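Novice: Taken in sequence, the protein lines are chains A and B. Using this note's numbering, read the first sequence as starting at 1 and increasing by one per residue. Using this note's numbering, read the second sequence as starting at 1001 and increasing by one per residue. Right, I'll just put the structure down here and ask away after.
Protein chains: 2
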Amino acid sequence: MTVEIICVGTELLLGNIVNTNAAFLAERCAYLGLTCYYQSVVGDNGARLSDTIKTALSRADLILLSGGLGPTEDDLTKETVASVMGLSLVEDPASKEHILQFFKTRNREIADNNWKQAMIPAGSRALLNANGTAPGIIIEKDGKTLILLPGPPGELRPMFLEQVEPYLLEKRQAAIYSQMVKMCGIGESDAETQILDLTSSENPTVATYAKTGEVHIRVTAFAENEDAAAKLVKPMVNKLKSRFGSKIYTTDPDVTLEQSIVELLAGNHMSVTCAESCTGGMIAARLVNVPGASAVLNEAFVTYSNKAKRTYLDVKKSTLKKYGAVSEQTAMEMARGGCISTKADACIAVTGIAGPDGGTDEKPVGLVYIGCSVAGKTSVRECRFTGNRQKIRESACAEALNMLRTGILEYLSQTKFT
Amino acid sequence: MTVEIICVGTELLLGNIVNTNAAFLAERCAYLGLTCYYQSVVGDNGARLSDTIKTALSRADLILLSGGLGPTEDDLTKETVASVMGLSLVEDPASKEHILQFFKTRNREIADNNWKQAMIPAGSRALLNANGTAPGIIIEKDGKTLILLPGPPGELRPMFLEQVEPYLLEKRQAAIYSQMVKMCGIGESDAETQILDLTSSENPTVATYAKTGEVHIRVTAFAENEDAAAKLVKPMVNKLKSRFGSKIYTTDPDVTLEQSIVELLAGNHMSVTCAESCTGGMIAARLVNVPGASAVLNEAFVTYSNKAKRTYLDVKKSTLKKYGAVSEQTAMEMARGGCISTKADACIAVTGIAGPDGGTDEKPVGLVYIGCSVAGKTSVRECRFTGNRQKIRESACAEALNMLRTGILEYLSQTKFT
């Protein structure tokens, strides 16, 4: 089945917002095994929207539209689709009741134009919008399916995941099962080279995604039911596990690297602290973004000045003088000192030159030392990152989390087997 | 002049990457006064790309294409455009030399397929790619203009800003001048209401953009030369200045809120520290992202546990017991304590409930207290943010920076006039 994505909104044409809906819908369609050849963006204009829908209908079986379902006169998607498909609009009682309740529970007056949102094309199916007032709509006619979704990502995403995906799978008479093998400490091209023989597999499919410091591999299978699909996925995931070993931090698509670290620490009653110079709080901020981080992190330091490194981390004056603040030795003492001063089991320390100034021939911009101390054992890695200040800091943050995870795993493996 | 944007790449159709190029090009086109009615995304497929280009040519004067200019066989944009426009490909000596030098300075072997990138449609103009090997290309034929740009944003953006914009302005025989009035501490709808009478202005134009905790207003004018355009912009910016006063933190499009704060502090020889609980280092990380932040920030704390709040910030045990960690009183003591323990002139402190757990009827998720201490004077604001954990923390971070800026300005105005 081929799909086409149309995102409606003048704010997209003006570049006021980035089209994350298109990326989300495209990724979910790929996941669902639908083939997408075109995406379009068009403004809140009846004639142009009508042309775009007609073109899409001539090329695809399924059209996903986002945006233009709101209460204002500018919102034309539903009216335009109904007109193109030759359908009249009728009131949907369930949607009307939902709008009424939505405003009632928020103690807000309902402006008259809101009732427009309860009108849907005759014979179509309304999708309840748990996070807003405009319902989604599924239209099936003349062998084509059109699915209209609200524009705000906070409304579109749950509606697609919870209502549209089950509908599409039922339509395909297929069940889907997917696992996400998430790794750190390996480059994208390295990972791809190691699975060249697997990527031609058709069921399950194997797809690679890269983000700063991480590589994710998604394994997806279709079958008559979820159990059967899971049975197709499992041996492939096992192959990936045996190839990538401890570089894999999770196979749960919803778990982040920082979450896996927090869970690893919490599960072993360990605590962590951070001693950040050039990353300036980014590592701590990522750890604290995990709900329940308070179980493993009590405090963390941004030690930007030499004096702060001495005061809070007990880095020796002589070390700073002899080797400089950006050095293996300083990173080592920062990591050790962080553990000692906070009594944490682990400390991740970063010192580097994020630029754009401050680089020298000997210590260029991008040079970063990361120290990791776990239960008294400390290691330091010298890294050379590229890009602007923000990119260098993000790369350092990702590598620091990778080192922290590796350090904890090494410690745990030793305590368990010795 | 109407423009259409076509982004080429299978990775966009699969949702592997978000289409930031489309947003960037759309925003720049709006800035340049070009009208965009459609954006399209199409994969690396000759026939479909050809159709998309023909459709765009039937609708617009100027077509911007991104992606598909690389050395591989999949990269088809140039070949397809040449075929649609009836042009042959010829070698561009300058591009060939650039590719040679690019590899030479990096000590890398040149694979044969790289020479393909030196071929451009006959009669077209090559745009030097300072950050890669594939040149951009400008084609003018039959009253239409096609501009081909490399897909990587790090190559596309500088090429567009430095070479395409001057070309388009010359084509329009117009000069452009723009200022960005950036504000914090005001909501988008509030700001828009205050400038309703100004947004209908045609030259200069007035456009509003919102981001977390900030509102930006861009004033842009066209004229025969830049000075004349600047003269049109200036009175409008002055109107905005008189309406929004100290809510404006800069009129320079490249200056961020955190940068304006770092510059304000540095210019007045003041220092700052942070005492972060639920934001967990985000505020410090934003300040440290400003080059030269070391002049104003020596250290900062993530004090997540009660004990850390007592140890590093000297928050009283009785305060934590009586009012709780998330309270006006704790935020007050955190801000004061941060200044005292680090001898900084200013401290911004945040304590709140970011969720998803930990909320109660009395202290719900989203409740955040922000304390700001400047030169001994401390104030606290109670905020109630919505959204998920990450969104609540980002909102708290933005509001904290706003309070810090306001606190510094108040202090400076008092020291200057008393």
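No residue lacks a Cβ here, since even glycine has one placed at the ideal position from N, Cα and C. Quantities reported herein were computed from a predicted structural model and do not represent experimental measurements.
Measure from the alpha carbon of A:Leu89 to the alpha carbon of each residue in A:Ala126, A:Leu62 and A:Arg59, then state which is nearest.
Specialist: Cα-wise, what sits closest to A:Leu89 is A:Ala126.
Novice: Which residue wins for smallest C-alpha separation from B:Cys1372, given the options B:Asp1075, B:Tyr1411, B:Gly1358 and B:Asn1203?
Specialist: Comparing Cα-Cα distances from B:Cys1372 to each of B:Asp1075, B:Tyr1411, B:Gly1358 and B:Asn1203, the minimum goes to B:Tyr1411.
Novice: Count the other C-beta atoms from every protein chain shown that fall within 10 angstroms of the C-beta of A:Ser189, then say buried if there are 16 or more, exposed otherwise.
Specialist: With fewer than 16 Cβ atoms within 10 Å of its Cβ, A:Ser189 is classed as exposed.
Novice: With 8 Å set as the bound, which would you pick, yes or no: does the beta-carbon of A:Met159 sit closer than that to a beta-carbon of chain B?
Specialist: Not one chain B Cβ lies under 8 Å of A:Met159.
Novice: Which residue from B:Thr1386, B:Gly1009, B:Cys1274 and B:Tyr1323 puts its Cα closest to that of B:Glu1299?
Specialist: Considering only alpha carbons, the answer is B:Cys1274.
Novice: Only counting the same chain, and skipping five residues up and downstream in sequence, which positions put a Cβ closer than 8 Å to that of A:Val3?
Specialist: Closer than 8 Å at Cβ, skipping near neighbours: Cys29, Leu34, Thr35, Cys36, Ala60, Asp61, Leu62, Ile63 and Leu64.
Novice: Going by C-alpha to C-alpha distance, which of B:Glu1097, B:Asn1289, B:Val1296 and B:Gly1355 sits closest to B:Thr1342?
Specialist: The residue with the shortest Cα to Cα distance from B:Thr1342 is B:Val1296.
Novice: I need the straight-line Cα distance from B:Asn1289 to A:Ala354, nearest angstrom please.
Specialist: Going from the Cα of B:Asn1289 to the Cα of A:Ala354 covers about 9 Å.
Novice: Do you know offhand how far A:Ala400's Cα is from A:Thr212's?
Specialist: Going from the Cα of A:Ala400 to the Cα of A:Thr212 covers about 12 Å.
Novice: Would you say A:Ala118 and A:Ile99 are within 8 Å of each other, going by their C-beta atoms?
Specialist: In this structure, A:Ile99 lies closer than 8 Å to A:Ala118 by Cβ.
Novice: Run through the DSSP bridge pairs and tell me what B:Gly1086 is partnered with.
Specialist: Partner(s): none; B:Gly1086 has no beta bridge.
Novice: Please state if the CB of A:Lys96 and the CB of A:Cys184 are separated by a distance shorter than 8 Å.
Specialist: Going by C-beta atoms, A:Cys184 is not nearer than 8 Å to A:Lys96.
Novice: For the region 1164-1183 of chain B, enumerate the residues whose C-beta is nearer than 8 Å to any C-beta of chain A, in chain order.
Specialist: So the list is empty, because no residue satisfies the distance condition.
Novice: Starting from B:Thr1250 and walking both ways along the beta strand (DSSP E), at which residues does that stretch end?
Specialist: Unbroken beta strand (DSSP E) run through B:Thr1250: Ile1248 to Thr1250.
Novice: With distances taken from CA atoms, which of B:Met1332, B:Val1008 and B:Arg1286 is nearest B:Thr1077?
Specialist: For B:Thr1077, the nearest C-alpha among the options comes from B:Val1008.
Novice: Would B:Gly1151 and B:Gly1046 qualify as a contact pair, given that the criterion is a beta-carbon distance under 8 Å?
Specialist: No. Outside cutoff.
Novice: Let me know the beta strand (DSSP E) ranges lying completely inside the region 159-228 of chain A, each 3 residues or longer, listed in chain order.
Specialist: The region 159-228 of chain A contains these whole beta strand (DSSP E) runs: 175-184, 205-211 and 214-223.
Novice: Compile a chain-ordered list of the residues in the region 4-22 of chain A whose CB is closer than 9 Å to at least one CB of chain B.
Specialist: Answer in chain order: Ile5, Cys7, Leu12, Leu13, Leu14, Gly15, Asn16, Ile17, Val18, Asn19, Thr20 and Ala22.
Novice: Please give the ranges of any beta strand (DSSP E) in the region 1242-1330 of chain B, keeping only runs that are unbroken, at least 3 residues long and fully inside the region.
Specialist: If we require 3 residues or more, the beta strand (DSSP E) runs fully inside the region 1242-1330 of chain B come out as 1248-1250, 1272-1276 and 1299-1303.
Novice: Name the residue from B:Thr1220, B:Ala1207 and B:Ile1195 whose alpha carbon lies nearest to the alpha carbon of B:Phe1244.
Specialist: Measuring from the Cα of B:Phe1244, the nearest candidate turns out to be B:Ile1195.
Novice: Looking at the unbroken alpha helix (DSSP H) that takes in A:Glu97, where does it start and where does it end?
Specialist: Residues Pro93 to Thr105.
Novice: Nearest CA to the CA of A:Thr378: which residue from A:Glu328, A:Lys309 and A:Pro364?
Specialist: The residue with the shortest Cα to Cα distance from A:Thr378 is A:Glu328.
Novice: Below 7 Å between beta carbons is the criterion; list the residues of the region 336-349 of chain A that meet it against any residue of chain B, in chain order.
Specialist: Answer in chain order: no residues at all.
Novice: Mapping DSSP to helix, strand and coil, what is B:Ile1053?
Specialist: Three-state result, B:Ile1053: helix.
Novice: List the endpoints of the continuous alpha helix (DSSP H) containing A:Leu76.
Specialist: It is not in any alpha helix (DSSP H) - A:Leu76 carries neither H nor E in the DSSP assignment.
Novice: Given this structure, state the Cα-to-Cα distance separating A:Ala293 from B:Lys1307, to the nearest angstrom.
Specialist: Going from the Cα of A:Ala293 to the Cα of B:Lys1307 covers about 15 Å.
Novice: Can you tell me the Cα-Cα spacing of B:Ala1285 and B:Leu1404, whole angstroms?
Specialist: Using only the alpha carbons, I get a separation of about 15 Å.
Novice: With C-beta atoms as the reference, is A:Ala398 less than 8 Å away from A:Thr279?
Specialist: No, the pair does not count as a contact, with Cβ atoms beyond the cut-off.
Novice: Judging by CA-CA distance, which residue of A:Ile139, A:Pro158, A:Glu140 and A:Ser124 is the nearest neighbour of A:Gly132?
Specialist: Cα-wise, what sits closest to A:Gly132 is A:Pro158.
Novice: Would you say B:Met1334 and B:Leu1313 are within 8 Å of each other, going by their C-beta atoms?
Specialist: Contact: yes.
Novice: Name, please, each residue of chain A whose Cβ falls closer than 9 Å to the Cβ of B:Lys1307.
Specialist: Asn298 and Glu299, listed in chain order.
Novice: For a test of the three-state rule: what should DSSP assign to A:Val42, helix, strand or coil?
Specialist: Strand.
Novice: Do you know how far the Cα of A:Gln101 is from the Cα of A:Thr80?
Specialist: Distance between the alpha carbons of A:Thr80 and A:Gln101 is about 27 Å.
Novice: Going by the DSSP bridge assignment, what does A:Cys383 pair with across the sheet?
Specialist: Answer by DSSP bridge pairing, in chain order: A:Val368.
Novice: Tell me whether A:Glu109 sits in a helix, a strand or coil according to DSSP, three-state version.
Specialist: In this structure, A:Glu109 counts as coil in the three-state DSSP scheme.
Novice: Can you find a CB in chain B that lies within less than 8 Å of the CB of A:Tyr369?
Specialist: Not an interface residue.
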